[in-house]
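Engineer:
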Amino acid sequence: MARLNRWPVAVLLVLLSATTLAGCGRDGLGEARQACGLANKGISFIQKSQAPGTTAAEADQLLRQARSAFLRGVGHAARATSANGRWNALMTTLQLSRHGSVTNVVPTLTQQCKSILSDSYLY
1 MARLNRWPVA
11 VLLVLLSATT
21 LAGCGRDGLG
31 EARQACGLAN
41 KGISFIQKSQ
51 APGTTAAEAD
61 QLLRQARSAF
71 LRGVGHAARA
81 TSANGRWNAL
91 MTTLQLSRHG
101 SVTNVVPTLT
111 QQCKSILSDS
121 YLY
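Going by our numbering, the sequence shown opens with residue 1, and the numbers climb by one from there.
1) Which residues mark the beginning and the end of the alpha helix (DSSP H) in which Gly-75 is found?
2) Going straight from the alpha carbon of Val-105 to that of Asp-27, what length do you get?
3) Between Asn-40 and chain B, is any beta-carbon pair separated by less than 7 Å?
4) Taking all protein chains shown into account, decide if Ser-82 is buried (16 or more other Cβ within 10 angstroms of its Cβ) or exposed.
5) Would you decide whether His-99 is buried or exposed? Buried here means 16 or more other CB atoms lie within 10 Å of its CB.
6) Taking His-76 as the reference, give the member of Leu-90, Arg-67, Gln-65, Phe-45 with the closest Cα.
7) Would you mind reading off the limits of the alpha helix (DSSP H) that contains Arg-86?
8) Indicate the three-state DSSP secondary structure (helix, strand or coil) for Ala-51 in the structure shown.
9) Using only the alpha-carbon positions, how far apart do Pro-107 and Ala-56 sit?
And the structure:
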């Protein structure tokens, strides 16, 4: 009878292992998508900073928030890059926001994240 009680535990362990390994198989895509979520947040701050009627002080604050969002995304992009080197370009683009005008990275981030966040991303 004790032998029968082990089966549910064994089945549960196999299912748990399969679920865990399935999550690992994404090869950093989840982290890259989280980085893009922060990048898109930063891009929205930049767009708000350029809106008509935005004062210089407000624009400056919004640009600081954009840079902060980009830099928070670096950690996610770094973890994605550790899983697979294909995400290195995303990480590098986010890191470039530290240097010069934060608006310089917007076109590249927009294209990278559009691809990464699409449902048809070719992995």
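We put the CB at the ideal spot given by N, CA and C, even for glycine.
Computed from a predicted model, the values in this text were never measured in an experiment.
Structural biologist: This is what the structure gives:
1) Residue numbering aside, residue 75 sits at position 75 when the sequence shown is read from its first letter. Note, Gly-75: alpha helix (DSSP H), 56 to 83.
2) What you label residue 105 is simply residue 105 of the sequence shown in a count that begins at 1. What you label residue 27 is simply residue 27 of the sequence shown in a count that begins at 1. Each residue's alpha carbon lies about 25 Å from the other.
3) Absent from the structure is chain B; it holds one protein chain and no more.
4) One-based indexing of the sequence shown puts residue 82 at position 82. It is exposed - the Cβ of Ser-82 has fewer than 16 other Cβ atoms within 10 Å.
5) The sequence position of residue 99 within the sequence shown is 99, counting from 1. Result: exposed.
6) Translated into positions along the sequence shown, residue 76 becomes position 76. The residue with the shortest Cα to Cα distance from His-76 is Leu-90.
7) Along the sequence shown, one-based indexing puts residue 86 at 86. Looking at the DSSP string, Arg-86 is not in any alpha helix (DSSP H), and its letter there is neither H nor E.
8) Here residue 51 refers to the residue found at position 51 when the sequence shown is read from its first residue. Residue state, collapsed to three classes: coil.
9) Reading the sequence shown from its first residue, position 107 is the one you call residue 107. Reading the sequence shown from its first residue, position 56 is the one you call residue 56. Their backbone Cα atoms lie some 23 Å apart in a straight line.
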